[in-house]
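J.: The structure's right below; bear with me while I get my questions together.
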Amino acid sequence: MKAIVVSRYGEPELLEVREVEDPQAGEGEVLIKIVATALNKRENRTSPPPGASLYPGLECSGIIEAVGSGVSKWKVGDEVCALLGGGGHAEKVNVPAGQVFPIPKGVSLQDAAGIPEVACTVWSTIFMSVHLSKGETLLIHGGGSGIGTFAIQIAKAKDVKVFITAGNDERVKKCIELGAADGINYKTEDFVERVKALTGGKGVDVILDIVGAPYLNRNVEALAVGGRLFIIGLQEGATGDINLSLVLGKHLTVAGAGLRNRTAENKAQIVQEVLEHVWPEIEAGKVKIVIDEVFPLERAADAHCALESSHFGKILLTP
Numbered sequence: 023m024k025a026i027v028v029s030r031y032g033e034p035e036l037l038e039v040r041e042v043e044d045p046q047a048g049e050g051e052v053l054i055k056i057v058a059t060a061l062n063k064r065e066n067r068t069s070p071p072p073g074a075s076l077y078p079g080l081e082c083s084g085i086i087e088a089v090g091s092g093v094s095k096w097k098v099g100d101e102v103c104a105l106l107g108g109g110g111h112a113e114k115v116n117v118p119a120g121q122v123f124p125i126p127k128g129v130s131l132q133d134a135a136g137i138p139e140v141a142c143t144v145w146s147t148i149f150m151s152v153h154l155s156k157g158e159t160l161l162i163h164g165g166g167s168g169i170g171t172f173a174i175q176i177a178k179a180k181d182v183k184v185f186i187t188a189g190n191d192e193r194v195k196k197c198i199e200l201g202a203a204d205g206i207n208y209k210t211e212d213f214v215e216r217v218k219a220l221t222g223g224k225g226v227d228v229i230l231d232i233v234g235a236p237y238l239n240r241n242v243e244a245l246a247v248g249g250r251l252f253i254i255g256l257q258e259g260a261t262g263d264i265n266l267s268l269v270l271g272k273h274l275t276v277a278g279a280g281l282r283n284r285t286a287e288n289k290a291q292i293v294q295e296v297l298e299h300v301w302p303e304i305e306a307g308k309v310k311i312v313i314d315e316v317f318p319l320e321r322a323a324d325a326h327c328a329l330e331s332s333h334f335g336k337i338l339l340t341p
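As structure tokens, this is what we get:
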């Protein structure tokens, strides 16, 4: 099969299309013939965790081509999407059966490729881990990203008031159209001051952050008493200063986690929660996957360049 191979981790130009050996469905796995796969930031820049596929691609949609021993839920011919540990930038991929989803009603097979990673990331962090609840307020950094566009909609569907930051006024406007109550252009406004103004000086209950170090202490300042900060990205750095007196005085929780390096058992648990709590909102039309652009597999480098520029929502690759 054809697959995208990372010859050296770094710039998108280092991605290459090569002929590689077909994967096989092992025990407890299914083999998916891929219809589409979605891009996620920086997956071409860091090496995979031990045991994961060497090929990038953390989610896909397609048709089950083979079923391994011990799998009873899925059969050959089923149309599915899946959360992957890697390997999605290819024509086929094997994946544990517990990480496979049915295609939500009302969503095309191709567009469903952009759901698993964002849905599992958002639900496992701000809902499962820090218990974002009805009536609370949420600040999302990077509102125009794949994560951001999804988080806006699922939080609003759960009766949460959402604010976002984005890099220009047009992206802010699009986020508000998706359901954000208000937005902050971080290039022209101080998000801490604006959050305080939007919340009557209280701050927000939960922050979902992809930026990392430069925002660490500012996030703490923007949180309300009892607030929770969840860090899922380190796009601007991994080491920062924090005012611990604010953490103690405001009874704050600061947490972080990735999704890719979790165990298969933990991922299967997250998938079940997403099926129970998120899939109904998608099928009801309250949450829609936002697709910015679709590239052929051979243009993976161009697609990753687009991902690192001013995209809005998800970018897909098709074999």
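Heads up, my numbering is the position in the sequence shown plus 22, with the first residue counted as 1.
Yeah, the Cβ is synthetic: ideal placement off N, Cα and C, and Gly gets one too.
Using three-state DSSP, classify residue 59 as helix, strand or coil.
T.: As a position in the sequence shown, residue 59 is number 37, starting the count at 1. Residue state, collapsed to three classes: strand.
J.: Tell me whether the stretch 101-112 and the stretch 253-272 touch, counting them as touching only if at least three CB pairs, one residue from each stretch, are closer than 8 Å.
T.: With a cut-off of 8 Å, the stretch 253-272 and the stretch 101-112 do not count as touching, because too few Cβ pairs lie within range.
J.: Would you tell me roughly how many angstroms separate the C-alpha atoms of residue 113 and residue 172, rounded to the nearest one?
T.: In the sequence shown, counting from the first residue as 1, residue 113 sits at position 91. In the sequence shown, counting from the first residue as 1, residue 172 sits at position 150. Cα to Cα, the separation comes out at about 26 Å.
J.: Which one or two residues does DSSP pair with residue 340 in a beta bridge?
T.: Working through the sequence shown from its first residue, we reach residue 340 at position 318. DSSP, once it has assigned bridges, lists 318 as partnering residue 340.
J.: Report the residue from 51, 58, 324 and 127 whose alpha carbon sits nearest the alpha carbon of residue 97.
T.: Counted from its first residue, the sequence shown places residue 97 at position 75. Comparing Cα positions, the closest option is 51.
J.: For residue 140, I'd like the list of residues in its chain whose CB is within less than 7 Å of its CB, leaving aside the five on either flank, ordered along the chain.
T.: Translated into the one-based positions of the sequence shown, residue 140 becomes position 118. These residues qualify, in order along the chain: 168, 169 and 172.
J.: Skipping 5 residues on each side, what residues in its chain have a beta carbon closer than 8 Å to that of residue 258?
T.: Here the question's residue 258 lines up with position 236 in the sequence shown. Excluding residues within five positions, the ones whose Cβ falls inside 8 Å are 233, 234, 235, 236 and 237.
J.: Apart from the five residues just before and just after residue 198, which ones in its own chain have a Cβ nearer than 6 Å to its Cβ?
T.: Against the sequence shown, residue 198 aligns to sequence position 176. Contacts found: 205.
J.: Nearest to residue 125 by alpha carbon, out of 115, 116 and 105?
T.: Stepping through the sequence shown from its first residue, residue 125 is reached at position 103. Residue 105 is the option with its Cα nearest to residue 125.
J.: Can the beta-carbon of residue 346 be found less than 7 Å from the beta-carbon of residue 136?
T.: Outside the modelled stretch of the chain, which goes from 23 to 341, sits residue 346, for which no answer is possible.
J.: Tell me whether the beta-carbon of residue 25 lies closer than 7 Å to the beta-carbon of residue 88.
T.: Translated into the one-based positions of the sequence shown, residue 25 becomes position 3. Translated into the one-based positions of the sequence shown, residue 88 becomes position 66. No; because the gap between Cβ atoms is not below 7 Å, this pair is not in contact.
J.: Roughly how many angstroms lie between the CA atoms of residue 318 and residue 79, to the nearest whole one?
T.: Sequence index remark: in the sequence shown, residue 318 carries index 296 (1-based). Sequence index remark: in the sequence shown, residue 79 carries index 57 (1-based). C-alpha separation (whole angstroms): 14 Å.
J.: My output table needs one value for residue 342: the three-state DSSP class, helix, strand or coil.
T.: The requested residue 342 does not occur in the structure, where the chain is confined to residues 23 to 341.
J.: By DSSP, does residue 116 sit in helix, in strand, or in coil?
T.: For the purposes of this step, residue 116 is taken as the residue at position 94 of the sequence shown. If DSSP states are grouped into helix, strand and coil, residue 116 belongs with the strands.
J.: Give the straight-line distance between the Cα atoms of residue 90 and residue 81, rounded to the nearest whole angstrom.
T.: For the purposes of this step, residue 90 is identified with residue 68 of the sequence shown, where counting begins at 1. For the purposes of this step, residue 81 is identified with residue 59 of the sequence shown, where counting begins at 1. In a straight line, the C-alpha of residue 90 is about 20 Å away from that of residue 81.
J.: Report the residue ranges of all beta strand (DSSP E) runs contained in full by the stretch 25-59; include only those spanning at least 3 residues, in chain order.
T.: The stretch 25-59 contains these whole beta strand (DSSP E) runs: 37-41.
J.: At what residue ranges does the stretch 132-181 contain a whole run of the alpha helix (DSSP H), taking only runs of 4 or more?
T.: Those alpha helix (DSSP H) runs which fall completely within the stretch 132-181 and span 4+ residues are 138-144 and 168-179.
J.: In three-state terms, what does DSSP make of residue 267?
T.: Counting from one through the sequence shown, the residue named residue 267 turns up at place 245. Residue 267: helix per DSSP, three-state reduction.
J.: Looking only at C-alpha atoms, which of 262, 294 and 209 sits nearest to residue 18?
T.: There is simply no residue 18 to check, as the chain begins at 23 and stops at 341 in what is shown.
J.: Can you give the beta carbon distance from residue 20 to residue 134, rounded, assuming they're within the 8 Å contact cut?
T.: Residue 20 cannot be examined here, being either before or after the span of the chain that is shown, 23 to 341.
J.: Span of the beta strand (DSSP E) holding residue 80?
T.: Translated into the one-based positions of the sequence shown, residue 80 becomes position 58. Neither: residue 80 is in no beta strand (DSSP E) and is coded neither H nor E.
J.: Is residue 258 helix, strand or coil by DSSP?
T.: Within the sequence shown, numbered from 1, the residue matching residue 258 stands at position 236. The answer is coil: DSSP assigns residue 258 none of H, G, I, E or B.
J.: Hey, residue 246 and residue 278 are a contact pair by Cβ (cut 8 Å); roughly how many whole angstroms apart?
T.: Counting from 1 along the sequence shown, the entry for residue 246 is found at position 224. Counting from 1 along the sequence shown, the entry for residue 278 is found at position 256. Actually they do not touch by this definition, with Cβ atoms about 19 Å apart.
J.: When the Cβ atoms of the stretch 152-164 are set against those of the stretch 319-330, are three or more pairs found closer than 8 Å?
T.: The stretch 152-164, when compared against the stretch 319-330, does not touch it at the 8 Å Cβ threshold.
J.: Can you tell which of 185, 251 and 283 has the C-alpha that lies nearest to the C-alpha of residue 221?
T.: Counted from its first residue, the sequence shown places residue 221 at position 199. Here the closest residue by C-alpha is 185.
J.: Comparing alpha-carbon positions, which option in 132, 34, 148 and 63 lies nearest residue 56?
T.: Here residue 56 refers to the residue found at position 34 when the sequence shown is read from its first residue. The shortest C-alpha separation from residue 56 is found at 132.
J.: Kindly indicate which residue of 283, 27, 179 and 38 has the alpha-carbon position closest to the one of residue 303.
T.: For the purposes of this step, residue 303 is taken as the residue at position 281 of the sequence shown. Of the candidates 283, 27, 179 and 38, the one whose C-alpha sits nearest the C-alpha of residue 303 is 179.
J.: Looking only at its own chain, which residues have a Cβ that is under 7 Å from the Cβ of residue 37, when we skip the five neighbours before and after it?
T.: Position 15 of the sequence shown, counting from 1, holds the residue named residue 37. So the list reads 26, 28, 66, 322, 323 and 326, once near-sequence residues are dropped.
J.: Which residues in the same chain have their Cβ closer than 6 Å to the Cβ of residue 127, if we skip the five residues on either side of it in sequence?
T.: Residue mapping note: residue 127 aligns to position 105 of the sequence shown, counting from 1. Within the same chain, residue 127 has close Cβ partners 305.
J.: Could you check which residue in 117, 138, 153 and 101 has the C-alpha nearest to that of residue 53?
T.: The residue labelled residue 53 in the question sits at position 31 within the sequence shown. For the residues 117, 138, 153 and 101, the minimum Cα distance to residue 53 belongs to 117.
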